[in-house]
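Chemist:
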């Protein structure tokens, strides 16, 4: 199975341009599963609710999802993409999982970072796993990484590959995702963006370093800090079904009798 | 508050020698809390149940605990030390927390690594936090690091400092402990050992790199890969009461409504 990421620099507010760019790259590469960044079609640094309202869209009927569904079908590719979702009067920082045969799943970001609470509702979908035949896919978005329960829930539900669209600014996530892969025996695929956004007196620099990690903690692909780039690697997702570290069975040996996690 | 580790090379089976060496170092340094490695008094590579039976001891009445209690009182130091415990016919890979006024707490390793299941029962104490006045202390041992629930349980119960006696052979733990500190907003103090043990046809090399990490993921102290060494740093344990990352409140914002962790 070939899985990859498209680390790129969305232009703020230019939805059609960003979507066309991503679609073009997907047409050019050969992959079974491609992950795009968080909010890949809109950019990140909103300055008003109106901006979010204008760019967010229904899933799966909106422009972005429909464009990606089209290329997913044409190229026989599964796609995970982060976008601003509009649903029943609320807006969510969401990720969609799309495939050659149509819409597969939706994840609404559970743990919002900083000012995102001004623009989005906290996600209500929970952490669900979607079997696409080739593998079982889980989704989480950016800051979800700091809560070990997000990846843990996905792994306990059977995810082989955690797809992790991101707009990272802090330097800790990439190393933490190695731990997430190891502790859960899963592949993780973090697709970050690059570039700088300056709007409304604020300046954000995104840190790239998109990466793919295998269940033993090996980094299979690592992108640049500041340049766009697409990488695809061949993996055997069944490696994520083997929950061992040496002879230890890290899922069977969990001491749920001793954990207190409420 | 001054906290530190004694990374050293125990000689297998030479309990008195190992204990005297640790006691001597503790007498020479100025610290409020000192952590010793896992099984610091016995060495690691047992080849028979008889060996474990012979070297393990009652807590707190055994030689090791009594020796450490003596130096804890003399030097006004709290000590966390890993040792083989004998209790009611069972043996445990345990850690004790001792202070100037006596015995404080016991932790029995919950997640046993590899052949340890041949020598020890799985721990039954759970993950408890002990308030020593200066700070609230939690203990976990070595391979517990790979189970995020161990550190999480300690942090949710209020630990400021996670003391982590270890005998590490794999290269992943130290970076994972940075994630453990960050995701839980706690200090972590991993005291590893160094040296090689060759017994019964097996050879184990321990990887050193004992470290102290603050709640923001900064490494405050890092020992050598292969040499003994003691390091002490000054910390403010109250930094662990501030569970924020930027403006995010990482404990309050946990989405326990969405986690499925059984």
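Protein chains in written order, with our numbering: chain H, 127 to 388; chain L, 127 to 388.
Positions of the beta carbon are idealized from the N, C-alpha and C atoms, including for glycine.
Pop quiz: residue 332/L and residue 295/L are said to be a contact at Cβ under 8 Å. What is the actual Cβ separation, rounded to whole angstroms?
Modeler: On the second chain, position 206 is the one that residue 332/L refers to. On the second chain, position 169 is the one that residue 295/L refers to. Their Cβ separation, rounded to whole angstroms, is 6 Å, which keeps residue 332/L and residue 295/L in contact under 8 Å.
Chemist: Just tell me which of 349/H, 364/H, 363/H has its CA closest to the CA of residue 357/H.
Modeler: Here residue 357/H refers to the residue found at position 231 of the first chain. Measuring from the Cα of residue 357/H, the nearest candidate turns out to be 349/H.
Chemist: Can you say whether residue 216/H is buried or exposed, counting buried as having 16 or more other CB atoms within 10 angstroms of its CB?
Modeler: Taking the first chain and counting its residues from 1, the one referred to as residue 216/H is at position 90. It is exposed - the Cβ of residue 216/H has fewer than 16 other Cβ atoms within 10 Å.
Chemist: Would you mind sorting residue 175/H into buried or exposed? The rule is 16 or more other CB atoms within 10 Å of its CB.
Modeler: Here residue 175/H is taken as the residue at index 49 of the first chain, counted from 1. The residue is exposed, with fewer than 16 neighbouring Cβ atoms inside 10 Å.
Chemist: Leaving out the 5 sequence neighbours to the left and right, which residues in its chain are closer than 7 Å to residue 280/L when beta-carbon positions are compared?
Modeler: As a first step, residue 280/L must be located in the second chain, where it is residue number 154. Within the same chain, residue 280/L has close Cβ partners 253, 255, 264, 266, 288.
Chemist: Listing by chain order, which chain H residues have their CB less than 9 Å from the CB of residue 237/L?
Modeler: Residue numbering aside, residue 237/L sits at position 111 when the second chain is read from its first letter. The answer, in chain order, is 374, 376, 379, 380, 381.
Chemist: Give the secondary structure of residue 170/L by DSSP, where H, G and I count as helix, E and B as strand, and everything else as coil.
Modeler: Counting from one through the second chain, the residue named residue 170/L turns up at place 44. Here residue 170/L sits in coil by DSSP.
Chemist: With DSSP collapsed to three states, give me the class of residue 183/L.
Modeler: Here residue 183/L refers to the residue found at position 57 when the second chain is read from its first residue. Correct three-state label for residue 183/L: strand.
Chemist: Could you check which residue in 147/H, 313/H, 242/H has the C-alpha nearest to that of residue 361/H?
Modeler: To locate residue 361/H, count along the first chain from 1; it is residue 235. Checked all of 147/H, 313/H, 242/H; the closest Cα to residue 361/H is 313/H.
Chemist: By Cβ distance, which residues of its chain are closer than 8 Å to residue 359/H, with the 5 residues on each side in sequence left out?
Modeler: Position 233 of the first chain, counted from the start, is the residue given in the question as residue 359/H. Counting only Cβ-Cβ distances below 8 Å, and skipping sequence neighbours, we find 128, 129, 130, 338, 346, 347.
Chemist: Can you pull the chain L residues whose beta carbon is under 8 Å from the beta carbon of residue 182/H, in chain order?
Modeler: What you label residue 182/H is simply residue 56 of the first chain in a count that begins at 1. Within chain L, no residue comes near residue 182/H; the closest Cβ sits about 21 Å away, beyond 8 Å.
Chemist: State the DSSP-derived secondary structure class of residue 356/H, mapped to helix, strand or coil.
Modeler: By 1-based counting over the first chain, the position of residue 356/H is 230. In this structure, residue 356/H counts as strand in the three-state DSSP scheme.
Chemist: Keeping to the same chain, check which residues put their C-beta closer than 8 Å to that of residue 185/L; ignore five residues upstream and five downstream.
Modeler: Translated into the one-based positions of the second chain, residue 185/L becomes position 59. Around residue 185/L: 191, 209, 211, 213, 220, 222, 229, 232.
Chemist: With a threshold of 16 other CB atoms inside 10 Å of the CB of residue 164/L, please say whether the residue is buried or exposed.
Modeler: Counted from its first residue, the second chain places residue 164/L at position 38. That one is buried.
Chemist: Short of 7 Å in beta carbon distance, which residues of its chain neighbour residue 193/H, apart from the five on each side in sequence? Order them along the chain.
Modeler: Taking the first chain and counting its residues from 1, the one referred to as residue 193/H is at position 67. Hits under 7 Å: 145, 149.
Chemist: Assuming contact is defined by CB atoms lying nearer than 9 Å, are residue 404/H and residue 384/L in contact in what I supplied?
Modeler: This structure does not reach residue 404/H, given that chain H is present from 127 up to 388, and the question cannot be answered.
Chemist: Is the CB-CB distance between residue 171/L and residue 324/L below 9 Å?
Modeler: To locate residue 171/L, count along the second chain from 1; it is residue 45. To locate residue 324/L, count along the second chain from 1; it is residue 198. Yes.
Chemist: Comparing the C-beta of residue 302/L with each C-beta of chain H, is any distance below 9 Å?
Modeler: Walking along the second chain from the start, residue 302/L turns up at place 176. For residue 302/L, the answer is yes, since a Cβ of chain H falls inside 9 Å of its Cβ.
Chemist: Any beta carbon from chain H within less than 9 Å of residue 431/L's own beta carbon?
Modeler: Chain L is shown from 127 up to 388; residue 431/L falls before or after that span and cannot be answered.
Chemist: Is residue 272/H close to chain L? Criterion is C-beta to C-beta, closer than 9 Å.
Modeler: Taking the first chain and counting its residues from 1, the one referred to as residue 272/H is at position 146. With 9 Å as the cut-off, residue 272/H counts as an interface residue toward chain L.
Chemist: Return the residue from the list 388/L, 244/L, 300/L, 205/L that minimises the CA-CA distance to residue 159/L.
Modeler: On the second chain, position 33 is the one that residue 159/L refers to. That would be 205/L, whose Cα lies nearest to the Cα of residue 159/L.
Chemist: Taking the C-alpha atoms as reference points, what is the distance between residue 376/H and residue 316/H?
Modeler: Within the first chain, numbered from 1, the residue matching residue 376/H stands at position 250. Within the first chain, numbered from 1, the residue matching residue 316/H stands at position 190. Spanning the two alpha carbons is a distance of roughly 23 Å.
Chemist: Of all the options 310/H, 330/H, 329/H, which has the alpha carbon lying nearest to the alpha carbon of residue 340/H?
Modeler: Position 214 of the first chain holds residue 340/H. Residue 310/H is the option with its Cα nearest to residue 340/H.
Chemist: Mind pulling the chain L residues with CB within less than 8 Å of residue 309/H?
Modeler: Working through the first chain from its first residue, we reach residue 309/H at position 183. The contacting residues are 272, 273, 274, 302.
Chemist: What residues are listed by DSSP as bridge partners for residue 291/H?
Modeler: Along the first chain, one-based indexing puts residue 291/H at 165. In DSSP, residue 291/H forms a bridge with 317/H.
Chemist: Please classify residue 154/H as buried or exposed, where buried requires at least 16 neighbouring CB atoms within 10 angstroms.
Modeler: If you number the first chain from 1, residue 154/H lands on position 28. So residue 154/H counts as exposed.
Chemist: Roughly how many angstroms lie between the CA atoms of residue 239/H and residue 268/H, to the nearest whole one?
Modeler: To locate residue 239/H, count along the first chain from 1; it is residue 113. To locate residue 268/H, count along the first chain from 1; it is residue 142. Distance between the alpha carbons of residue 239/H and residue 268/H: 8 Å.
Chemist: If you follow the beta strand (DSSP E) that residue 193/L is part of, which residue opens it and which one closes it?
Modeler: Here residue 193/L corresponds to residue number 67 of the second chain, with the count starting at 1. Per DSSP, residue 193/L belongs to no beta strand (DSSP E); it is in the alpha helix (DSSP H), 189–201.
Chemist: Go through its chain and collect everything with a Cβ distance to residue 275/L's Cβ below 8 Å, but skip five positions before and after it.
Modeler: Locating residue 275/L in the second chain gives position 149, counting from the first residue. Closer than 8 Å at Cβ, skipping near neighbours: 387.
Chemist: Around the C-beta of residue 363/L, are 16 or more other C-beta atoms found within 10 angstroms, so that it is buried, or is it exposed?
Modeler: As a first step, residue 363/L must be located in the second chain, where it is residue number 237. Its Cβ being crowded by 16 or more others within 10 Å, residue 363/L is buried.
Chemist: Is the shortest distance between the beta-carbon of residue 323/L and the beta-carbons of chain H less than 9 Å?
Modeler: Sequence index remark: in the second chain, residue 323/L carries index 197 (1-based). By this cut-off, residue 323/L is not an interface position.
Chemist: Less than 9 Å between CB atoms is the rule here; does residue 248/L satisfy it with respect to chain H?
Modeler: The count along the second chain starts at 1 and reaches residue 248/L at position 122. Yes - at least one Cβ of chain H is within 9 Å of the one on residue 248/L.
Chemist: Between 224/L, 162/L, 218/L, 302/L, which lies nearest to residue 250/L when the distance is taken from Cα to Cα?
Modeler: Position 124 of the second chain holds residue 250/L. Of the listed residues, the one whose Cα sits closest to residue 250/L is 218/L.
Chemist: Using the Cα positions of residue 152/L and residue 197/L, report the straight-line distance between them to the nearest angstrom.
Modeler: Reading the second chain from its first residue, position 26 is the one you call residue 152/L. Reading the second chain from its first residue, position 71 is the one you call residue 197/L. Cα to Cα, residue 152/L sits roughly 7 Å from residue 197/L.
Chemist: For the stretch 206–257 of chain H, list the beta strand (DSSP E) runs that are entirely contained and at least 3 residues long, ordered along the chain.
Modeler: The stretch 206–257 of chain H contains these whole beta strand (DSSP E) runs: 216–225, 228–234, 255–257.
Chemist: Specify the secondary structure class of residue 344/H as computed by DSSP and reduced to three states.
Modeler: The residue you call residue 344/H lines up with position 218 of the first chain. Coil, per DSSP.
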